[in-house]
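Quick note, the numbering used here runs 10 ahead of the 1-based positions in the sequence shown. In this text, a Cβ means the ideal position worked out from N, Cα and C, and glycines have one as well. The structure appears right after this line, and notes come after that.
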Amino acid sequence: MNNAIRIILDEHRSISAVLSGLKSLAQMAKDARLRPDFKVFRAMIYYIDAFPERMHHPKEDEHLFARLLLRDPASKPLIDDLQGEHRKGAKLVRDLEQTLLEFEQTWPKGIEGFAAAIDAYARFHWQHMSREEVDLLPRAQKALTAEDWEAIATAFAGNQDPIADLREKDFTALFQRIVALAPAPIGLGDRWQKTA
Ligand SMILES: [Fe+2]
Ligand SMILES: [Fe+2]
């Protein structure tokens, strides 16, 4: 496995970890006696907006997909579909933000809409990543050159520009903050308190 693929799969695993955590926390929040810590939901949704949506998908579009299209033009329908999914993801994140706001304003109501938005985003994103891993990456492995992979790895590692590199480090810090905030057993944070 080359370095670029390793980075992409690692990013998929980090995104999956946050999605699993988010789904588990939404289940926990269905118990209306527990007051949720909304900070952890805000941090997770910020992560999803900032990392997969604004960083990971655009890098796939600009580097991996663009190079695959050049080397293997027959992959265009697959790339078109995956790019359509990137646009759909951006819309589903807006739904997540909107339903979290409603949940926070109307707690203990609003959990059903928020949990449904989380399920929709998680399901969508897991399917999307699996298509990339099962359909796109094997095609790319056949078609791309060593030089292509090097350029993709550089872009994904954020080495091309120092600001992107800084942002990559911020995501590690943000991920650690999510783990610290999420209540046990999902993360390392305090359990949510029962209201009277
Ligand atoms: Fe993607
Ligand atoms: Fe991806």
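By DSSP, does residue i sit in helix, in strand, or in coil?
i	result
Lys119	coil
Ala197	Reading off the sequence shown, one finds Gly at residue 197, where the question assumed Ala. Correct three-state label for Gly197: coil.
Asp171	The pLDDT assigned to Asp171 is 47, lower than 50, so where the model puts this residue is not dependable, and the model offers no usable value.
Tell me, to the nearest whole angstrom, how far the beta carbon of residue i is from that of residue j; I am working on the premise that it is less than 8 angstroms.
i	j	result
Pro62	Ile25	5 angstroms
Ala53	Leu191	6 angstroms
Use the C-beta contact count for residue i: other C-beta atoms within 10 angstroms, 16 or more gives buried, fewer gives exposed.
i	result
Pro46	buried
Pro172	Here the model assigns Pro172 a pLDDT of 49, short of 50, so the residue's position is not dependable, and the following value carries that caveat. With fewer than 16 Cβ atoms within 10 Å of its Cβ, Pro172 is classed as exposed.
Gln108	exposed
Arg97	exposed
Pro207	No statement about residue 207 is possible, as the shown extent of the chain runs from 11 to 206 and does not include it.
Ala183	exposed
Arg104	exposed
Met139	buried
Arg77	buried
Ser70	The displayed chain sequence assigns Glu, not Ser, to residue 70. It counts as buried.
Below 7 angstroms, is the gap between the Cβ of residue i and the nearest heavy atom of ligand 4?
i	result
Glu70	Ligands in the displayed structure: ligand 1 and ligand 2; ligand 4 is not one of them.
Would residue i and residue j qualify as a contact pair, given that the criterion is a beta-carbon distance under 8 angstroms?
i	j	result
Leu102	Tyr131	yes
Ser85	Arg149	yes
Ile213	Lys40	As shown, the chain starts at 11 and ends at 206. That puts residue 213 outside it, with no answer to give.
Which whole runs of the alpha helix (DSSP H) in the stretch 39-119 are 4 residues long or more, in chain order? 48-58, 76-81 and 86-116
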